[in-house]
Amino acid sequence: MMDKLKFTIKLSSLLSNFSNLQTKLLINRLDRNNIPNHIAIVMDGNGRWAKKRGLPRIKGHIEGTKSIKRVLEIAYDLNIKYLTLFAFSQENWDRPKQEVDGILKIIRKSLQNEINQLNEKGIRVYVIGNFKRVPDDIKNTIKNVQKITKNNKKMNLCIAFSYGGREEITQAAKNLAKDVMEGKMKILDIEESIFRNYLYTKDIPDPDLLIRTSGEIRISNFLLWQMAYTEFVFTPVLWPDFNEYHFLKAILEYQERERRFGLV
Ligand code: FPP
Numbered sequence: 152m153m154d155k156l157k158f159t160i161k162l163s164s165l166l167s168n169f170s171n172l173q174t175k176l177l178i179n180r181l182d183r184n185n186i187p188n189h190i191a192i193v194m195d196g197n198g199r200w201a202k203k204r205g206l207p208r209i210k211g212h213i214e215g216t217k218s219i220k221r222v223l224e225i226a227y228d229l230n231i232k233y234l235t236l237f238a239f240s241q242e243n244w245d246r247p248k249q250e251v252d253g254i255l256k257i258i259r260k261s262l263q264n265e266i267n268q269l270n271e272k273g274i275r276v277y278v279i280g281n282f283k284r285v286p287d288d289i290k291n292t293i294k295n296v297q298k299i300t301k302n303n304k305k306m307n308l309c310i311a312f313s314y315g316g317r318e319e320i321t322q323a324a325k326n327l328a329k330d331v332m333e334g335k336m337k338i339l340d341i342e343e344s345i346f347r348n349y350l351y352t353k354d355i356p357d358p359d360l361l362i363r364t365s366g367e368i369r370i371s372n373f374l375l376w377q378m379a380y381t382e383f384v385f386t387p388v389l390w391p392d393f394n395e396y397h398f399l400k401a402i403l404e405y406q407e408r409e410r411r412f413g414l415v
């Protein structure tokens, strides 16, 4: 029995060293001059991860927060300037109340608990979305975290929360129309560079790379305007299993692409 336990422990540490070694090998292969400036992630598969283990869905979301930490740390070390995470879509409000409450609790706690550490590391936090349905205490936490971190320059973490791409574009059109009606903007002056100033992401450059986990191959109403020229990498790995190795592999895949932006 003892021998079996020892063997299992040895094997798991060997395997973890092996994956560390694999991760190191990938880091060495990275082209440091071609690191994406902005990576956006659709963190998908928490529910399936939990179901596979016979656990309630919320356990998958809790485990998913560990992947967020892993990815944030490696992105920080690689000097990636912008990381955007799709934490909660507008459509997610229609999930069972128990699950919505559970996710809100994770988001509330994560923001409150991590604010100091994020700030000490020089990370600026943006939260984008339509907060009409968001409870007041979370709205206040969002305001607070954005205010406290607003002068930070090392890295930008953008959390898409209660976010929908079509809603973002619609509210931009509405606000632009209002400015035209009030004489603050002339119709002839409207260009793409003007329109983008009405988006939630007006201070954030467009993503260079989108990663979506869990094998789903779609963008699900995420950053529709912003991803016109983004490179997409899809991986079958479920979000709670996503680690540094998978993140580096996605960047390497991005580095192998030739970005032409519509040119020849
Ligand atoms: C997708 O998995 C995940 C979500 C809808 C929620 C993820 C949110 C968190 C982990 C909290 C994030 C917190 C911060 C502060 C950024 P799914 O439920 O769609 O999985 P499934 O497709 O397998 O059902």
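152 is the number of the first residue of the sequence shown in this note's numbering; add one for each residue after it.
Note that the Cβ used here is the ideal one computed from N, Cα and C, for glycine as well.
Distance, Leu399 Cα to Gln241 Cα = The count along the sequence shown starts at 1 and reaches residue 241 at position 90. The count along the sequence shown starts at 1 and reaches residue 399 at position 248. Answer to the nearest angstrom: the Cα atoms are 30 Å apart.
Would you identify the three-state DSSP class for Asn394, choosing helix, strand or coil?
-> The residue you call residue 394 lines up with position 243 of the sequence shown. Asn394: coil per DSSP, three-state reduction.
Find out if the Cβ-Cβ distance for the pair Glu395, Ile274 is shorter than 7 Å.
-> Reading the sequence shown from its first residue, position 244 is the one you call residue 395. Reading the sequence shown from its first residue, position 123 is the one you call residue 274. Contact: no.
Integer Cβ distance of Asn307 from Ile258, believed to fall under 8 Å | For the purposes of this step, residue 307 is taken as residue 156 along the sequence shown, with counting starting at 1. For the purposes of this step, residue 258 is taken as residue 107 along the sequence shown, with counting starting at 1. Not a contact, Cβ separation roughly 18 Å.
Note down the Cα distance separating Asp392 from Leu206, rounded to an integer number of angstroms.
-> Reading the sequence shown from its first residue, position 241 is the one you call residue 392. Reading the sequence shown from its first residue, position 55 is the one you call residue 206. Going by C-alpha positions, Asp392 is about 15 Å away from Leu206.
Give a single yes or no on whether Asn264 has its beta carbon closer than 6 Å to a heavy atom of the ligand FPP.
-> Taking the sequence shown and counting its residues from 1, one reaches residue 264 at position 113. It does not: the Cβ of Asn264 is nowhere closer than 6 Å to a heavy atom of the ligand FPP.
Taking Val193 as part of the beta strand (DSSP E), name the residues at either end of that continuous run.
-> The residue given as residue 193 occupies position 42 in the sequence shown. Element bounds for Val193: His189 to Val193.
Counterpart residues of Glu367 in DSSP-defined beta bridges | By 1-based counting over the sequence shown, the position of residue 367 is 216. DSSP output for Glu367 lists no bridge partner at all.
DSSP three-state assignment for Thr361, whether helix, strand or coil | As a first step, residue 361 is located in the sequence shown; it is residue number 210 there, counting from the start. One detail in the question is off: residue 361 reads as Leu in this sequence, not Thr. Looking at Leu361 - three-state DSSP - the assignment turns out to be strand.
Identify the continuous alpha helix (DSSP H) that holds Tyr380 and give its terminal residues.
-> Here residue 380 refers to the residue found at position 229 of the sequence shown. Here Tyr380 belongs to no alpha helix (DSSP H), and DSSP marks it neither H nor E.
How about the segment 308-316 and the segment 267-283: do they share at least three Cβ pairs that are nearer than 8 Å?
-> Contact holds: three or more Cβ-Cβ distances are below 8 Å.
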